[in-house]
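Sequence lines, in order, name chains A and B.
Residues in the first sequence are numbered from 86 upward in steps of one, following my numbering.
Residues in the second sequence are numbered from 86 upward in steps of one, following my numbering.
Just so you know, even glycine gets a beta-carbon here, dropped at the ideal spot from N, CA and C.
Below is one structure; the comments refer to it alone.
2 protein chains.
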Amino acid sequence: MNTDALRGHMDALLLSVLEHQPLHGYAIIEALQERSGGALAVPTGTVYPALRRLERIGHLTSEWATVGGRKRRTYRLTASGHRALEGERSDWREFSSVIGSVIAPRATP
Amino acid sequence: MNTDALRGHMDALLLSVLEHQPLHGYAIIEALQERSGGALAVPTGTVYPALRRLERIGHLTSEWATVGGRKRRTYRLTASGHRALEGERSDWREFSSVIGSVIAPRATP
DNA sequence: AGTCTATATGTAGACTCTCTATATGTAGAC
DNA sequence: GTCTACATATAGAGAGTCTACATATAGACT
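Shown next, in the form of structure tokens:
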């Protein structure tokens, strides 16, 4: 899929996969791929800066951990992040409904 | 609606409203607004450059006309534009299905 | 020992598109 | 004479995604 079209929806995707479980960046990328049936191959150069941004604006917090000798930065939603996720879901419903109805084929006059 | 989220879907919207009828830019903006029930207020600074771009890549052609003393540039789909619209529709179906399924709420574990 | 793959994070710079703001001009109403 | 609707256009700002590269550990395999 053309992941450039994700522009503006990345926050919703990231917050969604973090809703019920804290995860580190690498695992988030795998989760996105798995949840989308392989359609979402989001590059690290997109995900890591986006996570930092979400942390900066208070929707996420992070902690470093070492697992199997490797360092991970694990992110989890804040209260503000949970609220943001609700907003993103509602925005998505409106967005997809509006776009869908505009581009739906019409009967040829 | 946050029209910045339209990024990447503008082509689909413009090609859609031009599918069955040629229109000039100003009328395209009105058509988008009407078809979306008022949700899509796309500024001229977005639409006019986008139309020029679609013409440049061969999806549209344009002609100047004077109606009621005012000049209009009327756009219509080319064969390539019709094919592009089909592609955009198919891309949208995949896109909305993928995003929708990733951000859909899951049962709390 | 050396190489390869998977795991793991990060930055720099390019790129594209949308936005805001501004400019220009006609027609018709008040 | 001014205001609103109609009509097109450009410059520059801004945001977020991409590609490409840099770094590092663990474990398997040769």
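Query	Result
Local Cβ density within 10 Å of Val152(B), reported as buried at 16 or more and exposed below that	exposed
Sub-8 Å separation of Leu170(B) and Glu104(B) beta-carbons	yes
Nearest-angstrom Cβ-Cβ length linking Val102(A) and Ala90(A), presumed shorter than 8 Å	19 Å between Cβ atoms; not a contact.
Contacts that Arg174(B) makes with chain A (C-beta to C-beta distance below 9 Å)	Ile188, Ala189 and Pro190
Start-to-end residues for the beta strand (DSSP E) that takes in Leu136(A)	Run containing Leu136(A): none in the beta strand (DSSP E); it sits in the alpha helix (DSSP H), Thr129 to Arg141.
Minimum Cβ-Cβ distance from Met95(A) to chain B less than 8 Å	no
For Trp149(B) and Arg157(B), the rounded distance between their alpha carbons	6 Å
Near-chain A residues of the region 146–175 of chain B (beta-carbon distance less than 9 Å), N- to C-terminal order	Leu170, Glu173 and Arg174
For Gly93(A) and Gly123(B), the rounded distance between their alpha carbons	21 Å
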